[in-house]
Amino acid sequence: MNQEQRRLSATWLNTIASGVVSAGTCGSLLAYSFGSRPGVSGLQVLAIVSASILTGLLLHLAARGILGHGEGDGR
């Protein structure tokens, strides 16, 4: 895989990571702010927010790993 393909793959993964974190945190917290549904606790919302941040972090680290495997990355 050449360097440009690595950059595009890393960009794609970072975009997905941003979407996961945005949807998981903003969506969950905004929905909860309008009032919780019966059976949905604040702890469950916090778990969803935490899981989305962790998933986004793992995707971001995978993207950095893709970039880290290039020889002479131009820095």
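Position in the sequence shown counted from 1, then plus 1139, gives you this note's numbering. Cβ coordinates follow ideal geometry from the N, Cα and C atoms, glycine included.
Query raised in the report: For A1149, does the count of other Cβ atoms within 10 angstroms reach 16, so buried, or fall short, so exposed?
Result: Reading the sequence shown from its first residue, position 10 is the one you call residue 1149. Buried, by the Cβ-count rule.
Requested in this report: Within 10 angstroms of the Cβ of L1152, are there 16 or more other Cβ atoms? Answer buried if so, exposed if not.
Outcome: The residue labelled residue 1152 in the question sits at position 13 within the sequence shown. By the neighbour-count criterion, in which 16 or more other beta carbons inside 10 Å mark a residue as buried, L1152 falls on the buried side.
Query raised in the report: Buried or exposed: which applies to S1191, given that a residue is buried once 16 or more other Cβ atoms fall within 10 Å of its Cβ?
Result: Working through the sequence shown from its first residue, we reach residue 1191 at position 52. A residue is called buried when at least 16 other Cβ atoms come within 10 angstroms of its Cβ; S1191 meets this threshold and is buried.
Query raised in the report: If you count every other CB in all the chains shown that lies within 10 Å of the CB of G1195, and 16 or more means buried, which is it?
Result: Your numbering for residue 1195 matches position 56 in the sequence shown. G1195 comes out buried.
Requested in this report: Below 8 Å CB to CB, which residues in the same chain sit around G1163 once its five sequence neighbours on both sides are set aside?
Outcome: Within the sequence shown, numbered from 1, the residue matching residue 1163 stands at position 24. These residues qualify, in order along the chain: I1187, V1188, A1190, S1191, I1192, T1194, G1195.
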